[in-house]
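What follows is a single structure, written as structure tokens, with notes after it.
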Amino acid sequence: MSSSTAFTESSDHFETPTMDLEAPTLLQDITEQGGYAYVSMATLAAAGDSRAAEAAREMAWEQLHSGPWHSVLPVWRDAYSMACLHVARLHFSKGELSESLRVLDMGLIMGGMLLRKDLDSAVDKVSAKARDAGAVSEQLAKRKLVRQDGLRDAEVLQSLPFKSLSLKLVGRRPSLSLEGFLREYFLSGSPVIISDSMAHWPARTKWNDMDYLRRVAGDRTVPVEVGKNYLCPEWKQELITFSQFLARIEANDFSSDAPTYLAQHPLFDQISELRNDICIPDYCFAGGGELRSLNAWFGPAGTVTPLHHDPHHNILAQVVGRKYVRLYHASLSEELYPYTETMLKNSSQVDLDNIDEIRFPKVHDLGFEDCILEEGGGLSTSWMLDMKGSGSSDYI
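For the sequence shown, position 155 (counting from the first letter as 1) is numbered 155 according to UniProt numbering, and the numbering increases by one without interruption.
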């Protein structure tokens with residue numbers, strides 16, 4: 001018997017056709033990895049045992065945290081997805097919609113790809129029922145995510161690193177053809193801001209509406225970073241709802257040492273409504289390759305991304321707000337003192353806001369280009385970059 005044949009589709013249940021089909025093979029694979037206890041609990045969970053479902057999820061969770069993430073066997077990520085489906089379905093059957101949605105999001109964030117379709121379809125059903133029942137986060141009076149605040153903007157601009165906006169500015173090109181982009185910028189690796197590449201995106205207007213963001217994503221669980229940046233010792237990660245995240249942005253104190261930031265997360269794989277608000281620029285395919293990743297960054301004014309080098313050519317699309325960006329040519333990476341640790345080797349030890357001239361005496365003499373990336377602009381670059389938000393902002 002498959003792991004979920006005890007359930008039939010009704011208003012209080014959701015179907016899991018992929019899990020029904022794949023369960024025998026998946027459970028056998030888990031058994032071969034020594035997961036006998038998990039298989040026993042998952043079998044009971046499929047029959048409606050809530051304690052067994054939670055036990056199975058906890059067992060899979062422990063396996064996900066048994067070592068470095070890259071060393072976790074894919075079968076345990078799929079096992080976690082399976083357990084999340086069992087737990088979420090039991091919560092859903094009892095009308096516990098917010099908890100059901102939270103568990104499904106955990107499956108999407110931490111689980112494998114095998115049962116992704118079941119997780120996505122379950123999210124759609126639970127979200128729809130939550131909206132119908134009025135169980136989604138309470139809607140507040142319409143407020144803009146980014147408000148015109150000259151004092152706040154001036155405060156951020158005054159805090160920019162030494163020499164900012166005083167040397168060579170990144171060039172801006174409106175109506176840049178694909179051929180022109182490839183010939184003049186992509187092949188040479190030169191940075192450029194394409195200033196009108198996002199005018200048709202629904203996100204340009206929708207994402208500045210707090211009510212809209214709460215309505216489509218408020219009850220979804222997302223991973224966030226808390227702290228000045230990932231290089232600081234007090235930095236940590238949390239899992240909170242998107243509504244909680246928006247509330248922190250609204251209450252943000254620019255002087256805070258612990259801002260909350262949603263960084264480099266595949267948000268659009270998780271929340272389809274937000275994915276429908278954007279379009280992939282043709283420039284992303286100029287080199288003939290495939291799109292490597294599509295991630296979201298979302299944070300309050302003053303949020304800092306330390307100087308680092310990404311492994312791929314990027315187009316940073318500024319949807320709402322603005323961001324200061326400083327770029328150093330990739331050939332200068334060794335002169336910017338990268339960390340020697342494997343996990344941080346793409347990041348510089350230099351804090352541009354407070355350069356230690358004794359440890360890093362030559363940094364002030366290095367050339368760079370910089371800019372204020374405004375709403376609607378797309379920055380194409382393969383250089384090392386450092387960024388600071390001015391006004392609550394989100395980009396991809």
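A virtual CB, placed ideally from N, CA and C, is assigned to each residue, including glycine. If you're wondering where the values come from, they're calculated on a predicted model, not measured in any experiment.
For residue i: DSSP bridge partner residues
i    : result
G378 : I194 and A317
G287 : The partner list for G287 (beta bridge, DSSP) is empty, contrary to what the question assumes.
A296 : H265
V325 : C371 and M387
S348 : P338
T305 : M387
L169 : D370
T260 : V226
Beta-carbon proximity check, residue i vs residue j, cutoff 8 Å
i    : j    : result
D209 : G376 : no
D282 : W207 : no
P300 : I249 : yes
M19  : L165 : no
L178 : A83  : no
W383 : Y337 : no
G48  : A79  : no
L333 : H309 : Correcting the residue identity first, residue 333 is Ser in this sequence and not Leu. Yes.
I194 : S380 : yes
N295 : H265 : yes
L239 : R214 : no
D211 : L101 : no
A330 : I271 : no
A60  : Y38  : yes
Q33  : L73  : yes
I109 : P191 : no
W201 : C279 : yes
G180 : G302 : no
Residue range of the alpha helix (DSSP H) that includes residue i
i    : result
G180 : L178 to F181
P74  : P74 to S93
T221 : Where T221 is concerned, there is no enclosing alpha helix (DSSP H), although the beta strand (DSSP E) it sits in stretches over T221 to V226.
V216 : M210 to A217
I109 : L97 to M110
M59  : S50 to L64
V363 : No alpha helix (DSSP H) holds V363; DSSP gives it neither H nor E.
D118 : R116 to A133
K206 : A203 to K206
S272 : S272 to R275
Residue i, enclosing beta strand (DSSP E) - first and last residue
i    : result
L44  : Where L44 is concerned, there is no enclosing beta strand (DSSP E), although the alpha helix (DSSP H) it sits in stretches over Y36 to A46.
C371 : E369 to L373
E238 : K236 to T241
Sequence-distant residues of its chain with Cβ nearer than 7 Å to residue i (five each side left out)
i    : result
D29  : V75
E374 : Q318 and R322
F7   : With a pLDDT of 41 at F7, under the threshold of 50, the predicted position of this residue should be treated as unreliable, and no value is reported.
L231 : P306 and S347
S175 : D196
R275 : F268
E335 : K362 and L366
L169 : E369, D370 and C371
K125 : F14
Any non-hydrogen atom of the ligand GTP closer than 7 Å to residue i Cβ
i    : result
Q237 : Ligands are entirely absent from the displayed structure, and the ligand GTP is therefore not among its contents.
Integer Cβ distance of residue i from residue j, believed to fall under 8 Å
i    : j    : result
V325 : D370 : 6 Å
A97  : A122 : Strictly speaking, residue 97 in this sequence is Leu, with Ala absent from that position. That belief does not hold up - the Cβ atoms of L97 and A122 are roughly 12 Å apart, past 8 Å.
Y261 : E225 : 5 Å
L291 : G378 : Rounded, the Cβ-Cβ distance is 14 Å, inconsistent with contact.
M343 : T221 : With 8 Å as the limit, M343 and T221 do not qualify as a contact, their Cβ atoms being about 25 Å apart.
A263 : W297 : 5 Å
L21  : S81  : The Cβ separation is near 14 Å, so there is no contact.
Sequence-distant residues of the same chain with beta carbon closer than 6 Å to residue i, five excluded per side
i    : result
H86  : A45 and A53
M387 : T305, K323 and V325
A55  : M41
R77  : G111 and G112
P17  : none
F242 : A217, G218, R220 and V222
Own chain, CB closer than 8 Å to residue i, minus 5 neighbours either side, in chain order
i    : result
H364 : F162, K163, I355 and E357
G227 : E234, W235, K236, D257, A258 and P259
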